[in-house]
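Participant: Residue numbers (my numbering): 8 to 235. After the C-alpha cells below, expect a handful of questions from me.
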Amino acid sequence: MREFLQRYWRVGAIALIVAGVMMLALSGYLAPYLRVVVDPVVGAQRWLATRYLAIFQMARSPADVTALLSENERLKSENSLLRSQVIQLEEQQKDNDVLYSLLKVARTRPDSSYVAAMVIGRDTNPFMRYILIDQGSDSGLRHGMPVVTAQGLVGRIDAVTANAARVQLLTDPGSAVNVRLPDSNADGMLTGAVTGDISLEMISQEAKLQPGEIILTSGLGGTYPSNI
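Encoded structure:
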C-alpha cells in the first residue's frame, strides 16, 4: 500500500511540474530559456536541410543533363524537318507561280498552242546569246517558232533535235524583230548586240515615245506572229 501511494504521489508531482512548465511557457516567462534551447536546434535543422538540398541537386544533375541533351537533340531534329518542309513548300509555290504565269500567257492567245519547256544549257560563246531547252521536234517544236515567257517574247527556235532545241534570244547580235508601239502608233525594229543589250531602231523622228511603253511584235517580215 505504501508503494502504491508513493507511485501515486510521484505521478501527481510530475503532472503538476509539467502543467506548471506549460503555464509558464504560455505566459511567456520561459521564452528566453526556450530560445536558448530551440534556436540551436532550428539552426542545426536549417543547416542539415541546406546540405541535403545541395546533395539532392548534385545527385539529380547527371539525369537532368542527360534529359536536356536528349530534348536538345529532339528539337534539332524537329527544326531540321520543319526547315525541309518549308523548302519543299517554297519550291512548290515557285512551280505554282510558273504554271500560273504560263496559264496567263496561254489565255492571252487562245488560238495558239503552247509547249512548256525548261532551260537546260547556254551557249558558251560569249558573243552569242543562245539557250538550250528540253523540248524538241517530238513535242511539235519547229525551226522559227517564237519562245515566250510570262514577261513576253524572249526569242525564237533556231535549231531542233528530237528532244531539245536551241533558242536565239532577242539579245543575240543576229536578232532583229519588227515591232510596233501601240501607245505612240510607231513602228520600229528591236535588235540585239554583242554586249547583250537590245535597242529600238528605225523609229520615226516624229514619234513621241513615252518611258514604259509596251512593245509588241508587228508581224512584218513573217519571222514572228503579231502582237507578242
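Yeah, the Cβ is synthetic: ideal placement off N, Cα and C, and Gly gets one too.
(1) Going by beta-carbon coordinates alone, are G199 and R136 separated by less than 8 Å?
(2) For R163, name the three-state secondary structure that DSSP assigns.
(3) Measuring alpha carbon to alpha carbon, tell me which of T168, G162, R187 and V184 ends up nearest L176.
(4) In whole angstroms, give me the CA-to-CA distance for P218 and G159.
(5) Find the nearest neighbour of N132 within the set M209, D179, N234 and N192, judged by alpha-carbon distance.
(6) According to DSSP, is Y36 helix, strand or coil?
(7) What would DSSP say about V93, mapped onto helix, strand or coil?
(8) With the cut-off set at 8 Å, would you say S225 and D190 are in Cβ contact?
(9) Evaluate the contact criterion for the segment 165–174 versus the segment 201–208: three or more CB pairs, one atom per stretch, below 8 Å.
(10) Below 8 Å between beta carbons: does that hold for M196 and A214?
(11) Using only the alpha-carbon positions, how far apart do D145 and A124 sit?
(12) Rounded to a whole number of angstroms, what is the C-alpha to C-alpha distance between I138 and V93?
Facilitator: Quick look at the numbers:
(1) A contact, by the Cβ cut-off of 8 Å.
(2) Strand, per DSSP.
(3) Of T168, G162, R187 and V184, the residue nearest in Cα terms is G162.
(4) So the alpha carbons of these two residues sit roughly 18 Å apart.
(5) Ranking M209, D179, N234 and N192 by Cα distance to N132 puts D179 first.
(6) Any reading at Y36 is ruled out, since the residue's pLDDT is 49, under 50, leaving its predicted position unreliable.
(7) V93 falls in the helix class under three-state DSSP.
(8) Here S225 is not near D190, since their CB atoms are 8 Å or more apart.
(9) Remark: fewer than three beta-carbon pairs, one from each stretch, lie closer than 8 Å, so the segment 165–174 and the segment 201–208 are not flagged as touching.
(10) With respect to A214, M196 sits apart: the two C-beta atoms are not nearer than 8 Å.
(11) Going from the Cα of D145 to the Cα of A124 covers about 13 Å.
(12) Their Cα atoms are separated by approximately 31 Å.
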